[in-house]
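Enquirer: Take a look at the following structure, please.
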Amino acid sequence: MPSKKRRTYVSNDKNCLDIPALEQLFLPSPKRVLMHAGSSDCNAILKALQPIFQEQGMTETVHNWEDHGYLATYIKKNGSFANLRIHPHGLVLVDLQSFNDHTKGREEVDQLLNKVEERMKELFHGNIKRVKRLPAILRGGVIDRYWPTADGRLVEYDIDEVVYDEDSPFQNIKILHSKQFGNILILSGDVNLAESDLAYTQAIMGSGKEDYTGKEVLILGGGDGGILYEIVKLKPKMVTMVEISFDK
30 MPSKKRRTYV SNDKNCLDIP ALEQLFLPSP KRVLMHAGSS DCNAILKALQ PIFQEQGMTE
90 TVHNWEDHGY LATYIKKNGS FANLRIHPHG LVLVDLQSFN DHTKGREEVD QLLNKVEERM
150 KELFHGNIKR VKRLPAILRG GVIDRYWPTA DGRLVEYDID EVVYDEDSPF QNIKILHSKQ
210 FGNILILSGD VNLAESDLAY TQAIMGSGKE DYTGKEVLIL GGGDGGILYE IVKLKPKMVT
270 MVEISFDK
């Protein structure tokens, strides 16, 4: 499955975030973000990088703005395309998207991106403060491996199987299997707990130091049911779980 990668060249720590907002049905491949030190000569960068894309037989469309730099789009006959965005303050982004899923296709993409990096280093005589390529994002897969956190960060799990996926009267319930974490419970898109969380659950319960036999137990929260599931094994007299849920 094709991928998406990102590489960064930076002269400072701001304006370096570029997260795709929408997931398309096609499968994007490596994305790279570059920022060189000092003020950029947008036209010089464009002319330096143009031959790399033209060698791939890609047709070019260029847009430029007096105060906002350049946007060049390169399209290949097989539907693959690249966006080259050059900002006047020094940020240069190269975004490649393709359908390539085989090893040869991935190697071709890596070679192209490596050429971009080498050309940028030549152009600025190695005066590039930071280079970063983010891991591939695989899109359009049969199994969704990406689940955002509550604060909007994207996390990829090594999910290889959908164990359960049904709607209850209250929420969507998914159980997905991960090689690293075991079965993962996801409620209405929120990752709740996994089999690997057992040690954490046991720690909350006191790691065997507390005797719950015959006692009345109150659980505040615990909506994923992990603590409830474990505590009933210890034969308490009664367990009350209070969970507050707000309607959206």
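When we follow the numbering used here, the leftmost residue of the sequence shown carries the number 30, and every step to the right adds one.
Virtual Cβ for every residue (Gly too), placed ideally from N, Cα, C.
#1: Going by DSSP, what residues sit across from Lys203 in a beta bridge?
#2: With 16 other CB atoms within 10 Å as the buried threshold, where does Phe82 fall?
#3: Give me the Cα-Cα distance between Val191 and Val220, rounded to the nearest whole angstrom.
#4: Quick check on the DSSP output: the beta strand (DSSP E) that includes Phe110 runs from which residue to which?
#5: What is the rounded straight-line gap between the Cα of Ala111 and the Cα of Arg148?
#6: Starting from Pro177, follow the beta strand (DSSP E) in both directions and report where the run begins and ends.
#7: For Met14, which of helix, strand or coil comes out of DSSP?
#8: Please determine, among Ser236, Ile104, Ala223, Leu163, the residue with the shortest C-alpha to C-alpha distance to Asp139.
#9: What are the boundary residues of the beta strand (DSSP E) that Pro104 is part of?
#10: Please name the residue or residues paired with Thr20 in a DSSP beta bridge.
#11: Quick test of your reading: Tyr186 and Ser207, contact by CB under 8 Å. State the CB separation rounded to the nearest angstrom.
#12: May I ask you to list the residues that DSSP assigns as paired with Glu147?
#13: Within its chain, find whatever has a CB closer than 6 Å to the CB of Ser109; leave out the 5 residues flanking it on each side and keep chain order.
#14: Going by the beta-carbon positions, is the gap between Ile260 and Val271 smaller than 8 Å?
#15: Could you check what DSSP says for Glu259 in three-state terms: helix, strand or coil?
#16: What are the start and end residues of the beta strand (DSSP E) that includes Gln83?
#17: Apply the 10 Å Cβ neighbour rule to Ala228 and answer buried if 16 or more other Cβ atoms are within range, or exposed otherwise.
#18: Please name the residue, chosen from Asp180, Arg182, Ile188, that lies closest to Ile172 on a Cα-to-Cα basis.
#19: So who's on the other strand from Ile248, going by DSSP bridges?
#20: Rounded to whole angstroms, how far is the Cβ of Gly250 from the Cβ of Leu257, which I believe are closer than 8 Å?
#21: Say yes only if the C-beta of Leu263 is nearer than 7 Å to one or more non-hydrogen atoms of the ligand GDP, and no if none qualify.
#22: Who are the near neighbours of Glu136 in its chain, counting only those whose CB is closer than 7 Å to its CB and skipping five residues on each side?
#23: Please confirm if the segment 77-93 is in contact with the segment 147-161, defined as three or more CB-CB distances below 8 Å between the two stretches.
#24: What are the residues that DSSP puts in a beta bridge with His92?
#25: Classify Ala278 as buried or exposed, calling it buried when 16 or more other Cβ atoms lie within 10 Å of its own Cβ.
#26: Flag this pair as yes or no: are the beta carbons of Lys264 and Glu245 separated by less than 8 Å?
Expert: Let me lay it out:
#1: Translated into the one-based positions of the sequence shown, residue 203 becomes position 174. Paired residues: Asp194, Ile215.
#2: To locate residue 82, count along the sequence shown from 1; it is residue 53. Buried.
#3: Locating residue 191 in the sequence shown gives position 162, counting from the first residue. Locating residue 220 in the sequence shown gives position 191, counting from the first residue. Going by the C-alpha atoms only, they are around 14 Å apart.
#4: As a first step, residue 110 is located in the sequence shown; it is residue number 81 there, counting from the start. Here the beta strand (DSSP E) through Phe110 covers 110-115.
#5: In the sequence shown, residue 111 corresponds to position 82, counting from 1. In the sequence shown, residue 148 corresponds to position 119, counting from 1. Their backbone Cα atoms lie some 16 Å apart in a straight line.
#6: The residue given as residue 177 occupies position 148 in the sequence shown. Per DSSP, Pro177 belongs to the beta strand (DSSP E) from 175-177.
#7: The structure shown does not extend to residue 14, since the chain is modelled only from 30 to 277, so the question has no answer here.
#8: As a working note, residue 139 is residue 110 in the sequence shown. Cα-wise, what sits closest to Asp139 is Leu163.
#9: Taking the first residue of the sequence shown as 1, we reach residue 104 at position 75. The amino acid at residue 104 is misidentified as Pro; the sequence shows Ile. 98-104 is the span of the beta strand (DSSP E), which, as asked, contains Ile104.
#10: Any question about residue 20 goes unanswered here, given that the chain covers just 30 to 277.
#11: By 1-based counting over the sequence shown, the position of residue 186 is 157. By 1-based counting over the sequence shown, the position of residue 207 is 178. At roughly 5 Å, the Cβ-Cβ gap stays under 8 Å, so Tyr186 and Ser207 are in contact.
#12: Numbered from its first residue, the sequence shown carries residue 147 at position 118. Its beta-bridge partners do not exist; DSSP assigns none.
#13: The count along the sequence shown starts at 1 and reaches residue 109 at position 80. Answer for Ser109: Ser127, listed in chain order.
#14: The residue you call residue 260 lines up with position 231 of the sequence shown. The residue you call residue 271 lines up with position 242 of the sequence shown. In this structure, Val271 does not lie closer than 8 Å to Ile260 by Cβ.
#15: Counting from 1 along the sequence shown, the entry for residue 259 is found at position 230. Helix, per DSSP.
#16: In the sequence shown, residue 83 corresponds to position 54, counting from 1. Not the beta strand (DSSP E): Gln83 falls in the alpha helix (DSSP H), residues 71-83.
#17: Position 199 of the sequence shown, counted from the start, is the residue given in the question as residue 228. So Ala228 counts as exposed.
#18: Residue 172 sits at position 143 when you count from the first residue of the sequence shown. Considering only alpha carbons, the answer is Ile188.
#19: Reading the sequence shown from its first residue, position 219 is the one you call residue 248. In DSSP, Ile248 forms a bridge with Met270.
#20: If you number the sequence shown from 1, residue 250 lands on position 221. If you number the sequence shown from 1, residue 257 lands on position 228. Rounded, the Cβ-Cβ distance is 11 Å, inconsistent with contact.
#21: Judged by which ligands are present, the structure shown has none, so any question about the ligand GDP falls away.
#22: Within the sequence shown, the letter at position 107 stands for residue 136. Cβ neighbours of Glu136 beyond the five flanking positions: none.
#23: yes
#24: Position 63 of the sequence shown, counted from the first residue, corresponds to residue 92. Leu100.
#25: Beyond the ends of the chain as shown, which are 30 and 277, falls residue 278; an answer cannot be given.
#26: Indexing the sequence shown from 1 puts residue 264 at position 235. Indexing the sequence shown from 1 puts residue 245 at position 216. No, the pair does not count as a contact, with Cβ atoms beyond the cut-off.
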